[in-house]
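Participant:
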Amino acid sequence: MPIKNEALPNRDVVLIKIDGSRFLAVACDSAGAIGEKEGDVVKVPPYVSGRFTCRVALMEILAVGATPLAFTAAISCEPSPTGEEILKGIRDELSSCGFDGIPFAVSTEKNIPTSQTGLGVTVIGIVEENELRMGKTRPGDALYCLGSPKVGNEVYLGNPEIADALSVKRLSTIHEVHDIIPVGSRGIKGEAEHLASVSGLTVRWDDALPVNIEKTAGPSTCVIFTASNGLELKDFSPVFRLGTLE
5 MPIKNEALPN RDVVLIKIDG SRFLAVACDS AGAIGEKEGD VVKVPPYVSG RFTCRVALME
65 ILAVGATPLA FTAAISCEPS PTGEEILKGI RDELSSCGFD GIPFAVSTEK NIPTSQTGLG
125 VTVIGIVEEN ELRMGKTRPG DALYCLGSPK VGNEVYLGNP EIADALSVKR LSTIHEVHDI
185 IPVGSRGIKG EAEHLASVSG LTVRWDDALP VNIEKTAGPS TCVIFTASNG LELKDFSPVF
245 RLGTLE
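The numbering used here puts the first residue of the sequence shown at 5, with every later residue one more than the last.
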């Protein structure tokens with residue numbers, strides 16, 4: 005697949021060629037009205053909001069095969085207590101994948117009182133062109149899903165049905181796994197059909213699918229991936245086979 009210095013279609017990732025063989029990968033995510041403030045719609049601790057927002061951008065970087073280099077957090081709330089709790093969540097998510105020492109830039113709102121939680125994060129990574137996980141899907145590959153689509157109050161830390169960034173990092177080390185795409189608001193069906201389209205293929209869905217492929221997956225609570233047919237992933241759960249690319 006030819007790579008240009010542009011955003012990947014329907015993905016929150018930009019690839020920028022920096023020399024003959026390396027790309028910067030830049031991914032972002034945002035969260036609004038998710039926290040403990042008066043105007044928040046989904047009531048969760050800001051720690052949780054920070055952790056899941058970080059997770060989404062981190063998963064996008066890992067899914068294309070890049071290694072994180074730097075991180076930014078734009079927190080549209082006061083430094084304390086909301087900002088501090090969001091940053092704890094972000095740091096714990098990075099630490100869970102072994103990225104404790106990543107350089108970190110932070111901005112908070114110090115001038116205006118806020119009644120609603122707002123957060124934007126960016127992860128910058130680097131990847132060699134021959135290690136990019138894009139356009140690797142082949143005819144006959146099986147389509148799998150790791151995790152289940154969840155949204156709103158269904159999303160909580162420790163939920164065994166939710167994929168995490170560490171799982172994506174581990175998937176990316178398996179040779180038989182080809183493309184990996186975190187699923188967001190477009191749902192499994194939208195992401196899978198886009199993946200098939202850019203690969204010049206179509207999805208033949210299995211009968212009696214085990215998950216709702218139309219449902220939003222919120223903060224990337226599941227990921228789809230293609231792999232050699234018959235691949236066994238005993239150390240990943242839950243994993244569902246969804247169909248075949250042909």
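For each residue, glycine too, the CB sits at the ideal point set by N, CA and C.
Under 8 Å: do the segment 107-125 and the segment 143-157 share three or more Cβ pairs, one atom per stretch?
Facilitator: Taking 8 Å as the limit for Cβ pairs, the verdict is that the segment 143-157 does not touch the segment 107-125.
Participant: Given Glu218, which residues of its chain have a CB within under 7 Å of its CB, disregarding the five upstream and five downstream residues?
Facilitator: Gly191 and Lys193.
Participant: Sort out for me which residues DSSP pairs Thr230 with in a bridge.
Facilitator: Paired residues: Leu147.
Participant: Report the rounded CA-to-CA distance for Glu64 versus Ile116, giving the unit in angstroms.
Facilitator: Going from the Cα of Glu64 to the Cα of Ile116 covers about 32 Å.
Participant: At the level of alpha carbons, what is the spacing between Gly251 and Asp23?
Facilitator: The question about residue 251 has no answer here: the residues shown for the chain are numbered 5 through 250.
Participant: Would you identify the three-state DSSP class for Lys140, choosing helix, strand or coil?
Facilitator: The answer is coil: DSSP assigns Lys140 none of H, G, I, E or B.
Participant: Among the residues of its own chain, which have a CB less than 8 Å from the CB of Ala74, if the five just before and after it don't count?
Facilitator: Closer than 8 Å at the Cβ level, and outside the excluded window around Ala74, lie Ile106, Pro107, Phe108, Ala109, Val127 and Ile128.
Participant: Output needed for Arg208: all residues of its chain with C-beta closer than 6 Å, excluding positions within five of it in sequence on either side, in chain order.
Facilitator: Result list for Arg208: Gly247, Thr248 and Glu250, in chain order.
Participant: How many Å lie between Gly156 and Val125 at the Cα?
Facilitator: When rounded, the distance between both Cα atoms is 19 Å.
Participant: According to DSSP, is Glu195 part of a helix, a strand, or is it coil?
Facilitator: DSSP places Glu195 in helix when its eight states are reduced to three.
Participant: For Val48, I'd like the list of residues in its chain whose CB is within less than 7 Å of its CB, leaving aside the five on either flank, ordered along the chain.
Facilitator: For Val48, where only same-chain residues beyond five positions count, the Cβ hits under 7 Å are Ile38 and Gly39.
Participant: Nearest to Cys58 by alpha carbon, out of Cys101, Ile228, Asp210 and Gly69?
Facilitator: That would be Cys101, whose Cα lies nearest to the Cα of Cys58.
Participant: DSSP has Leu245 in a bridge; who is on the other side?
Facilitator: For the sequence presented, residue 245 should be read as Arg rather than Leu. In the DSSP output, where bridge partners are listed per residue, Arg245 has Tyr148.
Participant: Secondary structure at Glu218, three-state DSSP: helix, strand or coil?
Facilitator: Coil.
Participant: From the DSSP output, which residues share a beta bridge with Phe108?
Facilitator: Bridge partners of Phe108: Phe75.
Participant: At what residues does the beta strand (DSSP E) containing Ile128 begin and finish?
Facilitator: From DSSP, the beta strand (DSSP E) with Ile128 extends over Gly122 to Glu132.
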